[in-house]
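Protein chains in written order, with the UniProt record's numbering: chain A, 1 to 537; chain B, 1 to 537.
There are 2 protein chains.
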Amino acid sequence: MSSDEAPVLDANGQPLTKSALKKLKQQQEKDAKKKAVQDRLAAEQKDKQEANAIDTAAQNYGPISVHSQQRTHIPRTQIEHINASLNNQHITIRARVHTSRAQGAKMVFFNFRQQDKSIQGVLVASEPAVSKQMVKWAASLGDESIVLIEGSVQLPKDPVNSATQHDAEIAIEKLFTISDVPGGSLPFTIEDASRPEAEYEKEDAQFNKVHLETRLDNRVVDLRTQTNQAIFKVQSAICRLFRQSLDSRDFIEIHSPKLMGAASESGASVFNVSYFKSQAFLAQSPQLPKQMCIAADFEKVYEIGPVFRAENSNTHRHMTEFTGLDLEMAFEEHYHEVVEVMDEMFKTIFRGLNTQYAKEIDIIKKQFPHDEFVFPDQTVKLHYKDAIKMLREAGREVDDFEDFNTETEKFLGALVKDKYNTDYYILDKFPLSCRPFYSMPDPTDNRYSNSYDFFMRGEEILSGAQRIHDPAFLAQRMREHGMNPSDMQGYLDAFAVGAPPHAGGGIGLERVLMLFLKLNNIRRASLFPRDPKRLAP
Amino acid sequence: MSSDEAPVLDANGQPLTKSALKKLKQQQEKDAKKKAVQDRLAAEQKDKQEANAIDTAAQNYGPISVHSQQRTHIPRTQIEHINASLNNQHITIRARVHTSRAQGAKMVFFNFRQQDKSIQGVLVASEPAVSKQMVKWAASLGDESIVLIEGSVQLPKDPVNSATQHDAEIAIEKLFTISDVPGGSLPFTIEDASRPEAEYEKEDAQFNKVHLETRLDNRVVDLRTQTNQAIFKVQSAICRLFRQSLDSRDFIEIHSPKLMGAASESGASVFNVSYFKSQAFLAQSPQLPKQMCIAADFEKVYEIGPVFRAENSNTHRHMTEFTGLDLEMAFEEHYHEVVEVMDEMFKTIFRGLNTQYAKEIDIIKKQFPHDEFVFPDQTVKLHYKDAIKMLREAGREVDDFEDFNTETEKFLGALVKDKYNTDYYILDKFPLSCRPFYSMPDPTDNRYSNSYDFFMRGEEILSGAQRIHDPAFLAQRMREHGMNPSDMQGYLDAFAVGAPPHAGGGIGLERVLMLFLKLNNIRRASLFPRDPKRLAP
Numbered sequence: 001m002s003s004d005e006a007p008v009l010d011a012n013g014q015p016l017t018k019s020a021l022k023k024l025k026q027q028q029e030k031d032a033k034k035k036a037v038q039d040r041l042a043a044e045q046k047d048k049q050e051a052n053a054i055d056t057a058a059q060n061y062g063p064i065s066v067h068s069q070q071r072t073h074i075p076r077t078q079i080e081h082i083n084a085s086l087n088n089q090h091i092t093i094r095a096r097v098h099t100s101r102a103q104g105a106k107m108v109f110f111n112f113r114q115q116d117k118s119i120q121g122v123l124v125a126s127e128p129a130v131s132k133q134m135v136k137w138a139a140s141l142g143d144e145s146i147v148l149i150e151g152s153v154q155l156p157k158d159p160v161n162s163a164t165q166h167d168a169e170i171a172i173e174k175l176f177t178i179s180d181v182p183g184g185s186l187p188f189t190i191e192d193a194s195r196p197e198a199e200y201e202k203e204d205a206q207f208n209k210v211h212l213e214t215r216l217d218n219r220v221v222d223l224r225t226q227t228n229q230a231i232f233k234v235q236s237a238i239c240r241l242f243r244q245s246l247d248s249r250d251f252i253e254i255h256s257p258k259l260m261g262a263a264s265e266s267g268a269s270v271f272n273v274s275y276f277k278s279q280a281f282l283a284q285s286p287q288l289p290k291q292m293c294i295a296a297d298f299e300k301v302y303e304i305g306p307v308f309r310a311e312n313s314n315t316h317r318h319m320t321e322f323t324g325l326d327l328e329m330a331f332e333e334h335y336h337e338v339v340e341v342m343d344e345m346f347k348t349i350f351r352g353l354n355t356q357y358a359k360e361i362d363i364i365k366k367q368f369p370h371d372e373f374v375f376p377d378q379t380v381k382l383h384y385k386d387a388i389k390m391l392r393e394a395g396r397e398v399d400d401f402e403d404f405n406t407e408t409e410k411f412l413g414a415l416v417k418d419k420y421n422t423d424y425y426i427l428d429k430f431p432l433s434c435r436p437f438y439s440m441p442d443p444t445d446n447r448y449s450n451s452y453d454f455f456m457r458g459e460e461i462l463s464g465a466q467r468i469h470d471p472a473f474l475a476q477r478m479r480e481h482g483m484n485p486s487d488m489q490g491y492l493d494a495f496a497v498g499a500p501p502h503a504g505g506g507i508g509l510e511r512v513l514m515l516f517l518k519l520n521n522i523r524r525a526s527l528f529p530r531d532p533k534r535l536a537p
Numbered sequence: 001m002s003s004d005e006a007p008v009l010d011a012n013g014q015p016l017t018k019s020a021l022k023k024l025k026q027q028q029e030k031d032a033k034k035k036a037v038q039d040r041l042a043a044e045q046k047d048k049q050e051a052n053a054i055d056t057a058a059q060n061y062g063p064i065s066v067h068s069q070q071r072t073h074i075p076r077t078q079i080e081h082i083n084a085s086l087n088n089q090h091i092t093i094r095a096r097v098h099t100s101r102a103q104g105a106k107m108v109f110f111n112f113r114q115q116d117k118s119i120q121g122v123l124v125a126s127e128p129a130v131s132k133q134m135v136k137w138a139a140s141l142g143d144e145s146i147v148l149i150e151g152s153v154q155l156p157k158d159p160v161n162s163a164t165q166h167d168a169e170i171a172i173e174k175l176f177t178i179s180d181v182p183g184g185s186l187p188f189t190i191e192d193a194s195r196p197e198a199e200y201e202k203e204d205a206q207f208n209k210v211h212l213e214t215r216l217d218n219r220v221v222d223l224r225t226q227t228n229q230a231i232f233k234v235q236s237a238i239c240r241l242f243r244q245s246l247d248s249r250d251f252i253e254i255h256s257p258k259l260m261g262a263a264s265e266s267g268a269s270v271f272n273v274s275y276f277k278s279q280a281f282l283a284q285s286p287q288l289p290k291q292m293c294i295a296a297d298f299e300k301v302y303e304i305g306p307v308f309r310a311e312n313s314n315t316h317r318h319m320t321e322f323t324g325l326d327l328e329m330a331f332e333e334h335y336h337e338v339v340e341v342m343d344e345m346f347k348t349i350f351r352g353l354n355t356q357y358a359k360e361i362d363i364i365k366k367q368f369p370h371d372e373f374v375f376p377d378q379t380v381k382l383h384y385k386d387a388i389k390m391l392r393e394a395g396r397e398v399d400d401f402e403d404f405n406t407e408t409e410k411f412l413g414a415l416v417k418d419k420y421n422t423d424y425y426i427l428d429k430f431p432l433s434c435r436p437f438y439s440m441p442d443p444t445d446n447r448y449s450n451s452y453d454f455f456m457r458g459e460e461i462l463s464g465a466q467r468i469h470d471p472a473f474l475a476q477r478m479r480e481h482g483m484n485p486s487d488m489q490g491y492l493d494a495f496a497v498g499a500p501p502h503a504g505g506g507i508g509l510e511r512v513l514m515l516f517l518k519l520n521n522i523r524r525a526s527l528f529p530r531d532p533k534r535l536a537p
C-alpha cells in the first residue's frame, strides 16, 4: 500500500486490521468476478436478443446479385439532374460509394458518385423502415462499391461542399449492393488520385502521392477520377469534331489494313508479325493506303486508327501504339488548298472544345493547371526561312537546312507565342533534305519542299506534305534517297495508273489531347498506354 | 487470163494482140509505180509542212506537271453539277479520260469521269484555237489519264446515253494532262470491271471477265468503278450512322490498344508480334478493354477499329483483319436494355442507308443484283427454343443445346424471312455451353445464357452477351471451362474493384456491308482485304 492511499475504515471509523482488510479484498474480488460474469451473460443475452430480433428493415438493404430477371421499368435518376427543385421527390439511382462516414450507431453519411458527379446521402436509423442492423451494414460498405439507392430528395441545412450537387441530398430509404468492393481492397483512393501534382509536393502533405506507374498499373480505378472522366470525354470530342469538319467537306472515312506485306515507307522501326508461314509488318501509318485511295479516285479521305512504332523511346511523348487521325486530299492547283482544310479542321476542334467542353476543361485544370489555349482567327503560317530568322534574331545558332530538335521547336514556339500571341501555328516549306522521299520539292526553290508541320504549345502535332504523284519522278527521288524503286513497286504502281496531285497529313490524337490540356505526359492521354515497357493492362 | 474476163479492146473496138496487151500492162505498172512515188513524196511533203507549221493551238494543250506554283482561284466545276441549265457557260474541270474515240483527223469524242459521274466532251479541229496537232495529241491520250479541261457547256443533239450527264456535253477548248497513263498500261478496263457477273456468263460475251483476284491485285484501278465508289461511300455511311445513333445516347468513343501483353479471352488463334525483347499479341477484339472501361465508370462506350484473327479460313466471309464496330454498356435492370439500344442502332443504319444512299444502292444493284433489304419497325426477336422449334417443324434434326452451323443459320434465316418477312432478326438466349466463359447464364434457366446474335440475310453480323461482372463467379466459370483464373488475373482485377452489370456486342463492318448489298464476298466490302494468302496491296 503506498503512503498516499487513505486507510480503509470500518463502520465505526476505525482503520481495519490487516486480516480484516484481506478478507474485505477477497470479498471485493469475488464480487467483481461475479459482476463480470453477470455482465458478460447480460451482453450475450443482449446480442442474442438483437440477433433474434426481427430486422424490421430486412427487405430494405443487402446484396442483389441477380440481374436480367425482371424489368420494373422504374426510372433511374442521374445525379447531375438532382437539385433542390426535386425536393421531396422519391428517386432510385445506381451509384458508387465514393466515401462514407458513420456517425455513432444510428447514422451514416455517404458521398455517392456517378462519373464526374456526386451527391450526399444520409441514412438514419428509424425503426421500422431503417433498422440498426441496416445502419450497421451500410456503415460497413467499402468505397467504390456500386449500390442501388432508393430515397427522397431533401434540402441540406448547409450547402454540401464535398459533392458536386450542393443544394440537395438523398434521405436513404433502401440500399442494395450491386457490386461489392470489400474495404481495403483498392490500390489507392479516388481522392488521392485526384489531387493536383503541386499538392503532393507540399511539405505537410498528409496523403499519399499516386505515381503514374501505379495509376497505369491500376488504370481501371485511376480512370474513375473526375479528371480522367473529363479527359476521355474531350478525347472522344476531338475525334467527333475532326470528322464533323471533314464530313462537311465531303471526305469519306476509310479503314486501311494494319497488317502489311512489306515494311512501309519510312524504313523506321516496324513491328514484325508472324503471319501463318510467312511474315507481316504492322503499319506505321496509313500513308500508302490513303494515297492509293487518292489514286483510286476517292478524292478526300480520312482515317482514325491505330499506328504502330517500334521505337525504343521512353519519353513523355512517345508511345509504341497511338491513335492516328490521318487525312489525304486531291487538290486542284496548290497544296495550300489542303493546308487550309486542315487548318479549318483544327480550328473547328479548338473552338468546339472551348465552347462545348468548358466544364470538362475546368475540371481538368484543377488537377493539371494550364493557361487557356490561344489561337487567332487567322492562323499564323511561317515559311521555314522566317523561323530560322526568328531563331537567329533570338540568338540561336541554327543551320538553314537542318531539322529542328525538340528543344529548338519549343523555343520557337515560345518566340511565336511572344510575337503573335498564339499557341497554334503552321510551319511551311521544310527543307527538302529533312523530309521523306515522297515529299514534293518546292517548284520555285528545290532546297525546300511543299511540306509542313502544325504545332500546339511548341510541339509538333501534325506532319504532312504534298506527295509526288508522278511515278518516274517518285522513282528518281527514291534513288536519290539510296532506295531501290523495285522494293516499293506496289507503291509506284498506284501512281503509274494515274493519280491527281494530292497532299495530306497525320495527327497524333493523344498529342493533341495532351497539349491542349497540358497533361505533360502522353500516357495520361491514352486509356491503356503502350510503351516499350508496358503492354498491360 | 481466165475465161470470164472481158477482152481488152483497142481504140477501134478490136481486141488487142497479145504483144500489144503485154506492152500496155507494162506501161500501166510503170504509171502505178510512178504515182506511188509521187504520192509518197506528196505525203512526206505534207507531213513536213504540218511538222513545220506553226501550231496555232500550242498553248491550249499538252502536259502540265507542276502544281503548287500559283493559285488562279479559277473555280472548278464538278461533273455532277453540269447539265443543260449551264448551256454556253465556260467551265474548268479536272477529270479522268474514261474512254475516247477519234473520228477522222478532226474530231475526238471523250467520256470524262469524276468518281461515279461522267460527261461527254468533244474536241473539234478549228484553227486557230484547236489545231490538227492538238486533235492528234488528244486522240493519243490513254484511258484513265487525268486531264484539265476548259470548254463550254453545250446541248447535245441526242441525249448522251453513255454518260451519267445526258443533257449536256463539253465543247473542249483547252486540254492538259495532269497525270498521263500511256495507252495499254491498264490491267483491265473500268468498263470490263463494271459488268454484272451474269454478263460474263453469257455465251456470246465479247469482253474479258475480270476475276476477283485480278481486281484485288490491281485494287487501285478496280476501286474506280462506279460500283466500288458507291460501296465505299456506303461503308463510310454505316460508321457514321453507327456513331450518330450511339452519340445521341451519350456513348463515348474509345480507342483501345491492339498490342496486348496476354493472348485475349477466347484462346482462339492470335497473331504473335515481336515486341522488343519480348512478345505481344494482336487483339482479337476490344472485349477486355471495353469491359475495363465499364468498370472504370464510362457507362457506355463504342470503338471502331481493326480486329485481327489468325484463322486459316479461306471462305467468302472470313478475313484475317477486319473492322470491328464494338460497343459495351452498363444497364440498370435487364440486358435487354442493351439489346434494344443495339436494335435501334441497326435500324438507324438501315433506314439511313435506304433513305440517304438510295442512289448508291441503285448503282451497286446493277453490278450486284439484290432484293431490297427488308425489316419491320418492330424487330423479330426469337428465343433459341423458338428457333429450334421452327427448324424441327421444317424437318431439320437439331440438338437443343448445340450451336448452329452456317448452313443451318441460313436455313433458319429463310424460315424467318418466310414467316415474318424480315431480312433482319435477333436470336436471343443461346445455350450457355455454346458461349464464352464470361457470358452470363440465364437466371431462370442456366442451360441458356443472356447472349444473342443479330442476323442479316441469314448470316450473323453481331454477337454479344451480358457479361459476368462478379469476379468470384467469373473465376468459377473460368474453372468450369478448364481455364486457370490466374492466367487472366488482369481481367478479373477489373471486376474486383467493382463493375456494374453490363452487356455489349461486336459487329463486323464488312459483313454488314456485304450482306446489306449482297456482294457475296467479304473482300468486296474491304478496301484492301487481308486473308491468309493476301497481304498486299
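Cβ coordinates follow ideal geometry from the N, Cα and C atoms, glycine included.
Since we're looking at a predicted model, the values are computed, not measured.
So which residues of chain B does residue i contact, with C-beta pairs closer than 7 Å?
i	result
A:Q476	Within 7 Å Cβ-Cβ: nothing; A:Q476 doesn't reach chain B, min ~13 Å.
Would you tell me roughly how many angstroms separate the C-alpha atoms of residue i and residue j, rounded to the nearest one?
i	j	result
A:V512	B:D371	46 Å
B:M483	B:L492	13 Å
B:D487	A:V273	23 Å
A:I91	A:Q165	15 Å
A:F495	A:P471	5 Å
B:N83	B:Q114	15 Å
A:D442	A:Y335	11 Å
B:P501	B:I468	7 Å
A:T56	B:A499	30 Å
B:N521	B:Q235	15 Å
Roughly how far, in whole angstroms, is the beta-carbon of residue i from the beta-carbon of residue j, given that I think they are within contact range, below 8 Å?
i	j	result
A:G121	A:E169	7 Å
B:E173	B:V97	Wrong, their Cβ atoms sit about 17 Å apart, outside the cutoff.
A:V221	A:L186	6 Å
B:S256	B:P289	3 Å
Using alpha carbons as the reference points, say which of the options lies closest to residue i.
i	options	result
B:E407	B:R457, B:Y384, B:R435, B:K359	B:R457
A:F251	B:F232, B:H81, B:Q244	B:F232
B:N111	B:A105, B:E321, B:S100	B:S100
A:K388	A:K381, A:T379, A:V398	Inspection of the sequence shows that residue 388 of chain A is occupied by Ile rather than by Lys. Answer by Cα proximity: A:V398.
residue 541 of chain B	B:K518, B:E460, B:A475	Past the edges of chain B, shown from 1 to 537, lies residue 541 of chain B, and the structure says nothing about it.
A:R351	A:F516, A:Y302, A:T17	A:F516
A:V124	A:E360, A:A102, A:Y438	A:A102
A:E332	B:K35, B:A95, B:K347, B:R317	B:A95
A:R309	A:K258, A:E303, A:T355, A:Y302	A:K258
Show which residues of chain A have a CB atom less than 8 Å away from the CB atom of residue i.
i	result
B:H334	H67, S68, Q69, Q70, R71
B:L321	According to the sequence provided, residue 321 of chain B is Glu. The question's Leu does not apply to it. What B:E321 touches in chain A: P257, K258, L259.
B:T444	Q69
B:R447	Within chain A, no residue comes near B:R447; the closest Cβ sits about 15 Å away, beyond 8 Å.
Going along chain A, which residues have a C-beta under 7 Å from residue i?
i	result
B:F401	Result: empty, since nearest Cβ-Cβ is about 20 Å, beyond 7 Å.
B:N484	Per Cβ cutoff of 7 Å: no residues; B:N484 is ~17 Å from chain A at best.
Residues of chain B with CB under 8 Å from residue i, in chain order?
i	result
residue 616 of chain A	As displayed, chain A neither begins before 1 nor continues past 537, which places residue 616 of chain A out of reach and without an answer.
**Prompt:** Is the segment 442-456 of chain A close to the segment 412-424 of chain A, with three or more CB pairs under 8 Å?
**Reply:** Yes: at least three Cβ pairs fall under 8 Å.
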